[in-house]
Amino acid sequence: MEEARHYQSKIVESVLFNVNLKNALISSSLSPVTCHLLPMFLQEQKKS
Numbered sequence: 043m044e045e046a047r048h049y050q051s052k053i054v055e056s057v058l059f060n061v062n063l064k065n066a067l068i069s070s071s072l073s074p075v076t077c078h079l080l081p082m083f084l085q086e087q088k089k090s
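Residue 43 is where the sequence shown starts when you use the working numbering, and the numbers rise one by one after that.
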């Protein structure tokens with residue numbers, strides 16, 4: 043049960059991240075922070 047909740051929150055996180063990323067791209071204001079975090083985030087996704 044606990045694992046399912048953890049997995050669910052991971053999905054929510056990634057959905058929110060994708061929405062935020064799209065918004066950032068749409069407003070084309072990709073900050074250096076986002077550019078730095080994106081590769082790290084993608085690596086995390088591959089691991090899971």
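All C-beta atoms, glycine included, are put in the ideal place defined by N, C-alpha and C. Just so it is clear, the structure is predicted and the values come from calculations on it, not from any experiment.
Where does residue i sit, in a helix, a strand or coil, going by DSSP?
i, result
"M82", "helix"
"S51", "helix"
"S56", "helix"
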